[in-house]
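The block underneath contains the structure these notes are about, expressed in structure tokens.
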Amino acid sequence: MRSMIVPLTRRYWNVMLIKRQQLAGNWSLPDRWSIIAFLIAGLALLPIAIILRMLVQPAPDVWQHLWATRLAEFLSNTVVLLIGVGIGTTLLGTALAWLVTAYRFPGQRLFDWALMLPMAVPSYVLAFVFMATFDYAGPVQKALRAWFGSSAWFPSIRSGGGAIFVMTLTLYPYVYLLARAAFHEHGRGTFEVARTLGVTRLQAFFRVVLPMARPSLVAGLSLVLMEVLTDVGTVRFLNFPTLSDGIFRIWHGMMDRDAALQSAAVLLLFAFGALLIERYTRGRARYVQEGSRGHGLAQVSLTGWRGLAATLVCSFVLATAFLLPVSQLIQWSVHELWQRMPDGLLAIYWRHVRATLILAGAGAVISVLAAVLLAYGTHLSRSPLTRLAARGATLGYAIPGAVIGLGVLLPLSWLDHTLNDVTYQWWGVLPGLIFTGSITGLIYAYVVRFMAVAHSSVEASLEKISPGIEAAARTLGARPIRVLWHVHLPLIRAGMLTGAALVFVDVMKELPITLLLRPFGYETLALWIWQNVAESLWSEAALPALTIVVADLLVVGILIRSATLRGRYSVEIA
204 MRSMIVPLTR
214 RYWNVMLIKR
224 QQLAGNWSLP
234 DRWSIIAFLI
244 AGLALLPIAI
254 ILRMLVQPAP
264 DVWQHLWATR
274 LAEFLSNTVV
284 LLIGVGIGTT
294 LLGTALAWLV
304 TAYRFPGQRL
314 FDWALMLPMA
324 VPSYVLAFVF
334 MATFDYAGPV
344 QKALRAWFGS
354 SAWFPSIRSG
364 GGAIFVMTLT
374 LYPYVYLLAR
384 AAFHEHGRGT
394 FEVARTLGVT
404 RLQAFFRVVL
414 PMARPSLVAG
424 LSLVLMEVLT
434 DVGTVRFLNF
444 PTLSDGIFRI
454 WHGMMDRDAA
464 LQSAAVLLLF
474 AFGALLIERY
484 TRGRARYVQE
494 GSRGHGLAQV
504 SLTGWRGLAA
514 TLVCSFVLAT
524 AFLLPVSQLI
534 QWSVHELWQR
544 MPDGLLAIYW
554 RHVRATLILA
564 GAGAVISVLA
574 AVLLAYGTHL
584 SRSPLTRLAA
594 RGATLGYAIP
604 GAVIGLGVLL
614 PLSWLDHTLN
624 DVTYQWWGVL
634 PGLIFTGSIT
644 GLIYAYVVRF
654 MAVAHSSVEA
664 SLEKISPGIE
674 AAARTLGARP
684 IRVLWHVHLP
694 LIRAGMLTGA
704 ALVFVDVMKE
714 LPITLLLRPF
724 GYETLALWIW
734 QNVAESLWSE
744 AALPALTIVV
754 ADLLVVGILI
764 RSATLRGRYS
774 VEIA
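Heads up: take any position in the sequence shown, counting from 1, add 203, and you land on my numbering.
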């Protein structure tokens with residue numbers, strides 16, 4: 204009996220000690236984790252703060268020079284692209300989501316998930332496939348001139364309209380998947396009540412369903428606008444320079460660091476503007492997860508020409524945005540492997556794959572580790588300041604890669620020069636460019652850019668753990684680090700793997716950061732595409748592009764299987 208009383212007594216006093224420390228305001232243990240969270244947040248916010256400093260200290264002569272050259276063109280093109288792609292993705296994504304959710308037609312179950320597949324094709328990959336297919340020297344215009352003569356007209360793909368068309372096809376799934384989830388979870392009662400008042404099904408959609416789905420649509424639109432702001436490859440290939448592309452033109456063409464930094468500051472304002480619009484438009488709406496399956500709209504069968512029209516519309520979008528580019532990439536890749544096998548194409552390919560895997564693997568691992576420390580520190584602290592720091596650390600995903608690249612380059616360059624000065628002064632040794640001359644800067648920028656992806660997965664898994672499990676471990680005298688290692692990490696392993704997979708693929712296809720920070724001679728799959736497309740070598744760019752698309756398909760498969768895409772979220776207006 205005594206052997207049972209002693210452990211119970213110790214457990215009781217451990218519980219009382221924890222409660223007494225909390226009541227007395229003793230935050231000795233949480234403070235350690237709060238410091239870690241603040242350090243991670245500080246490193247993540249440093250590049251953004253450096254670019255923001257450019258707005259506080261503007262250079263009038265630089266601005267005059269920029270405005271006298273191409274800044275006005277970059278600004279107008281950026282605004283046109285944001286408006287055009289925003290409208291296009293909202294209309295297309297919402298219409299397709301409503302079609303597959305509210306109606307039954309031939310192929311509806313297939314299109315329900317297949318319409319997410321265009322997300323696997325990066326916009327710059329679709330851009331160069333369309334260039335090779337629809338440009339003046341492409342097979343489509345050649346056939347038109349052969350049929351109708353040399354005066355046959357076809358819209359130019361290398362234009363603002365072409366850029367809007369390409370980016371709409373690749374980015375509409377962001378709106379589609381969130382709108383689809385909102386429509387699936389919409390209460391059937393409100394829709395049927397609206398129908399009993401004499402309105403048609405389409406009128407009920409505009410008056411009842413669409414207003415309730417507004418937060419989902421705005422969230423998807425905000426993701427689209429952020430992708431548009433960070434794009435470099437599509438606008439460069441299609442000859443429609445925006446602010447993001449302008450930074451590279453200024454950096455590489457004019458070799459003017461100050462002008463590039465000022466342009467990056469303007470681009471940062473656009474990114475913050477997109478975030479503010481999203482927050483303002485969403486208002487006080489929030490998402491609430493529901494476990495019930497009894498919600499959703501009653502589907503209506505489309506027969507005859509209506510069902511055929513619905514099938515043709517979905518087929519056209521899927522074929523244009525996914526099947527056409529993937530089949531063309533496969534054809535080019537097979538032809539290239541057949542023609543250049545003796546020239547060692549596979550050796551070149553594996554060298555680029557190896558470099559890409561190193562960067563993507565390191566970026567994914569470090570991002571997940573930082574996300575775990577940040578989420579666990581926020582979990583232990585429960586302090587508003589720590590939560591604010593965690594929000595700031597995940598801000599990088601909303602910032603264009605060109606801005607983060609320049610923001611990372613400046614402090615690392617200063618660190619390299621300072622280290623060389625100190626070592627030469629004390630020991631007469633020059634270690635060289637340790638940070639900017641290696642992949643260190645690249646990985647740092649990747650973590651800043653994509654840690655939000657890993658953090659969201661890790662945080663979602665961490666919140667599902669019952670507080671009783673942690674309390675039981677703490678009452679047995681386990682310290683927070685031991686609880687994290689033995690309790691939390693095994694339970695959040697699935698979230699960590701999902702976050703790592705998402706970051707891995709994002710790093711694989713990342714172009715702006717890699718262009719700015721890569722060491723001399725370090726080539727990745729994305730850079731291989733960039734260099735070949737710049738010389739109109741479509742077949743040579745096909746194999747690396749197809750590799751990125753296949754990797755993206757794995758992530759799209761994860762998203763399709765996840766519960767967030769199965770319509771289990773409803774929208775509640777507070």
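For every residue, glycine included, the Cβ atom is placed at its ideal position computed from N, Cα and C.
If you reduce the DSSP assignment to three classes, tell me which class Trp230 lands in.
With a pLDDT of 41 at Trp230, under the threshold of 50, the modelled position of this residue cannot be trusted; read the value that follows with caution. In this structure, Trp230 counts as coil in the three-state DSSP scheme.
Local conformation of Phe440 per DSSP, three classes
helix
Compute the Euclidean distance between the alpha carbons of Ala550 and Asp461, then round it to the nearest angstrom.
40 Å
In this structure, how does DSSP classify Ser353 when only helix, strand and coil are distinguished?
coil
Give the range of the alpha helix (DSSP H) segment to which Ala512 is assigned.
507 to 521
If contacts are defined as beta-carbon pairs under 8 Å, then Phe784 and Ala330 qualify, I think. What distance do you get, rounded to the angstrom?
There is simply no residue 784 to check, as the chain begins at 204 and stops at 777 in what is shown.
Terminal residues of the alpha helix (DSSP H) in which Leu576 lies
Unbroken alpha helix (DSSP H) run through Leu576: 548 to 584.
Rounded Cβ spacing between Ala574 and Val661 (contact assumed at less than 8 Å):
5 Å
Ala382 and Val503 - do their beta-carbons sit closer together than 8 Å?
no
Examine the Cβ distances between the segment 716 to 724 and the segment 738 to 746 and report whether three or more of them are shorter than 8 Å.
no
Counting Cβ pairs, one atom from each stretch, are 3 or more of them under 8 Å apart for the segment 355 to 369 and the segment 402 to 420?
no
Alpha carbon to alpha carbon, how far is Trp356 from Ser641? Give it in angstroms, no decimals.
So the alpha carbons of these two residues sit roughly 49 Å apart.
Under the three-state DSSP convention, the category Arg685 falls into
When secondary structure is reduced to three states using DSSP, Arg685 falls in the helix class.
Work out the CA separation of Thr293 and Pro414 for me, nearest whole Å.
For Pro414 and Thr293, the distance between alpha carbons rounds to 14 Å.
Closer than 8 Å, CB to CB, is Arg721 near chain D or not?
Absent from the structure is chain D; it holds one protein chain and no more.
I need the boundaries of the alpha helix (DSSP H) containing His185, first residue and last residue.
Coverage of the chain is limited to positions 204 through 777, which leaves residue 185 absent and any answer about it impossible.
Along the alpha helix (DSSP H) that carries Lys712, what are the first and last residues, could you check?
696 to 712
So, helix, strand or coil for Ser359, using DSSP?
coil
I'd like the span of the alpha helix (DSSP H) that includes Ser659, first residue to last.
643 to 666
On the three-state DSSP scale, how would you describe Ser279?
helix
Within a Cβ cutoff of 6 Å, which residues of the same chain sit near Val149, ignoring the five residues on either side of it in sequence?
The requested residue 149 is not part of the displayed model; the chain covers only 204 to 777.
Member of Val690, Ala657, Leu687 whose CA lies at the smallest distance from the CA of Ala703
Answer by Cα proximity: Ala657.
Taking the C-alpha atoms as reference points, what is the distance between Leu313 and Leu299?
13 Å
Does Lys712 pass the burial test, meaning 16 or more other C-beta atoms within 10 Å, or should it be called exposed?
buried
With a cut-off of 8 Å, do at least 3 Cβ pairs link the segment 608 to 615 to the segment 242 to 255?
yes
Measuring alpha carbon to alpha carbon, tell me which residue in Val411, Val328, Ala463, Ser570 is nearest Ile254.
Ala463
Buried versus exposed, by CB contacts within 10 Å (16 or more), Pro634
exposed
Quick check on Gly566: buried or exposed, where buried means 16 or more other Cβ atoms within 10 Å of its Cβ?
buried
Tell me whether the beta-carbon of Ala563 lies closer than 8 Å to the beta-carbon of Gly599.
no
Comparing C-alpha positions only, which one of Tyr327, Val759, Tyr339 sits nearest to Asn735?
Tyr327
Once the 5 residues before and after Ile761 are set aside, which same chain residues still bring their CB inside 7 Å of it?
Thr701, Ala704
Alpha carbon of Arg452 to alpha carbon of Thr559, nearest angstrom:
25 Å
Look up Val503 in the DSSP assignment and give the residues it is bridged to.
When DSSP reads this structure, Val503 sits in a beta bridge with Tyr306.
Under the three-state reduction of DSSP, which class applies to Ala488: helix, strand or coil?
Per-residue confidence for Ala488 stands at a pLDDT of 49, beneath the threshold of 50, marking its modelled position as unreliable; the derived number appears in the next sentence. Reduced to three states, the DSSP call for Ala488 is strand.
State the CB to CB distance for the pair Val318 and Val303, rounded to an integer number of angstroms; the pair is presumed to be in contact (CB under 8 Å).
Note that residue 318 is Leu in the sequence shown here, rather than Val. Yes, they are in contact, since the Cβ atoms of Leu318 and Val303 sit about 7 Å apart, within 8 Å.
Any idea what DSSP makes of Glu430, helix, strand or coil?
helix
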